[in-house]
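Single-structure report; data block below.
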């Protein structure tokens with residue numbers, strides 16, 4: 118049985134590390150590195166998820182709850198919030214998933230986990246709440262396989 122691909126999107130900016138932290142925790146739990154991947158840009162999904170029909174994306178979000186709150190969206194059935202990307206040329210995760218579906222994989226189904234953050238300062242560590250949520254989510258994902 119092939120394990121689901123789990124991707125963590127993030128950056129080194131405080132709570133934006135949430136997706137990366139989930140992947141780090143999964144590696145600590147023994148999840149294979151080739152099935153749990155760090156990404157800096159959502160558009161990298163086009164390469165990483167090629168051929169996958171079901172996978173998981175973990176990312177940070179803002180504006181829908183206190184730091185550390187986790188929410189799951191079953192895309193494309195549920196809309197993924199269109200968080201504003203960090204750069205002027207970046208696409209949001211929602212936009213990347215839509216392009217993936219339209220151009221490459223019309224039957225793709227994605228479980229998108231969002232961990233709410235509040236601190237985004239470049240180079241700063243993630244908050245305690247986000248660290249705890251990432252650990253808990255990794256354990257949940259690992260045990261659901």
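In the numbering used here, the protein residues as written are 118 to 262.
All residues carry an ideal CB built from backbone N, CA and C; glycine is no exception.
CA-to-CA, the gap between residue 130 and residue 158 works out to about 13 Å. For the 8 Å CB-CB criterion, residue 175 and residue 230 form a contact. With respect to the 8 Å criterion, residue 172 and residue 124 are classified as neighbours on the basis of their beta carbons. Annotation note: the segment 157-194 contains the following uninterrupted alpha helix (DSSP H) runs of length 4 or greater, listed N- to C-terminal: 162-165. Counting along the chain, residue 137 sits inside no beta strand (DSSP E); it lies in the alpha helix (DSSP H) bounded by residues 135-145.
Judged by pairs of C-beta atoms under 8 Å, the segment 143-158 does not touch the segment 188-196, as fewer than three such pairs exist. Assigned with DSSP and collapsed to three states, residue 125 falls in strand.
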